[in-house]
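As numbered in this note's numbering, residues 705 to 907 make up the sequence shown, in order.
A virtual CB, placed ideally from N, CA and C, is assigned to each residue, including glycine.
Here the structure is a predicted model, which means the values were calculated and not measured.
Structure first, then comments.
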Amino acid sequence: MKNKVFSILDQKHLININNTVNDKKLLGFWLYLMSDCIIFASIFAVYFVMRSHSFINFNIYQQKFNYNFILTETILLLCSSFTCGIATSSVYFKKIYMTYIWLLITFIFGISFVCMELFEIHNFFQKDFSPQKDGLFSSIFTLLSMHVIHVFVGLIWIFFIIIQMYYFNINKNVYTNLLCLSLFWHFLDIIWIFLYTFIYFIR
C-alpha cells in the first residue's frame with residue numbers, strides 16, 4: 705500500500721499525454737454531447753411552447769422561488785466546473801497529486817449541488833408546483849430532473865476515474881476519460897445556465 709502511494713505521487717510514471725488521446729473515443733463523445741444537446745433543446749422548446757400557451761401565470765410562481773438558494777446552487781456548479789478544468793490541466797502539467805485533490809473538490813461541489821437541487825425539487829411539491837398541475841410544470845420538472853440525473857452520473861464517473869487513476873495511473877484510456885468527463889461537466893454547466901436564465905430569471 706505504501707509503495708503504491710509513492711508510485712502515484714511519483715511523476716515519472718506519467719506518459720506523454722500529447723500523443724495519448726483516443727481521438728475516436730473523443731469524437732464519439734462529442735457526438736453523444738450533440739445528441740444530448742438536441743434532447744435538452746427539444747424539451748426547452750416544449751417548455752417555451754407550454755409557457756406561452758399555459759393558462760397559469762407563471763410569474764406569480766416565480767415570486768415564490770428562493771433565489772438565494774438557487775444562486776448558491778449555481779455558484780457551486782460553476783465552481784465545480786472550474787475545479788474540474790484545473791484537474792484536467794494538472795494532468796497536462798504532470799501534477800498527478802493535484803489532479804486527485806481537484807477531482808475530490810469537484811466531487812464535493814457536485815454532490816452538494818445534487819443535494820440542494822433535490823431539496824429544491826422537494827420544495828416544489830410542497831408549494832404545489834407538481835408536474836401533474838400543468839404541462840408547463842411537467843416540462844420544468846423534466847428539465848430539472850434530467851439535469852440532476854446527469855450531474856449524478858457525472859459524480860459516479862468522477863469516482864471511477866479516481867479509481868482508474870489509482871490502479872492504472874495516467875494511461876491513454878484514463879486521460880481520454882478525464883477529458884470526456886471535463887467536456888461533460890462543462891456541458892452540464894451550460895445547461896444549468898440556460899435553466900437558471902429561462903426558468904428562474906426571465907419573467
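Beta-carbon gap between residue i and residue j smaller than 9 Å
i	j	result
residue 797	residue 902	no
residue 858	residue 892	yes
residue 807	residue 788	yes
residue 875	residue 729	no
residue 866	residue 744	no
residue 824	residue 847	no
residue 829	residue 737	no
residue 880	residue 770	no
residue 883	residue 810	no
residue 768	residue 837	no
Spatially closest choice to residue i from the options, by CA coordinates
i	options	result
residue 863	752, 905, 814, 735	814
residue 821	805, 853, 843	853
residue 778	905, 897, 856	897
residue 733	830, 885, 868	885
residue 757	904, 883, 843, 785	843
residue 835	760, 772, 773, 738	760
residue 873	804, 890, 781, 742	804
residue 833	763, 790, 861	763
residue 750	766, 816, 841	841
residue 906	871, 766, 809, 845	766
residue 860	837, 771, 812	812
residue 904	855, 845, 868, 785	845
residue 855	816, 871, 735	816
residue 890	871, 773, 731, 790	790
Per-residue DSSP class, three states only, for residue i
i	result
residue 830	helix
residue 908	With the chain covering 705 to 907 only, the question about residue 908 has no answer from this structure.
residue 693	The chain is shown only over 705 to 907; residue 693 falls outside these bounds and no answer can be derived.
residue 715	In this predicted model, residue 715 has a pLDDT of only 46, less than 50, meaning its place in the structure is not dependable; the value taken from the coordinates is given anyway. Residue state, collapsed to three classes: helix.
residue 772	helix
residue 767	coil
residue 728	helix
residue 874	coil
residue 856	helix
residue 752	helix
residue 898	helix
residue 797	coil
Burial state of residue i, where buried means 16 or more other Cβ atoms lie within 10 Å
i	result
residue 794	buried
residue 753	exposed
residue 899	buried
residue 716	Model confidence at residue 716 stands at a pLDDT of 44, short of 50, so the residue's coordinates are unreliable; what they give is reported in the following sentence. Answer is exposed; the Cβ neighbour count stays below 16.
residue 781	buried
residue 739	exposed
residue 801	exposed
residue 851	buried
residue 785	buried
Residue i beta carbon near the ligand PLP (any heavy atom closer than 8 Å)
i	result
residue 763	As presented, the structure is devoid of all ligands, the ligand PLP included, so that no description of it is given.
Beta carbon proximity, residue i to chain B, threshold 9 Å
i	result
residue 891	Absent here is chain B; the protein component of the structure consists of one chain.
Residue range of the unbroken alpha helix (DSSP H) whose run includes residue i
i	result
residue 902	First-last for residue 902: undefined, no H or E at that position.
residue 836	First-last for residue 836: undefined, no H or E at that position.
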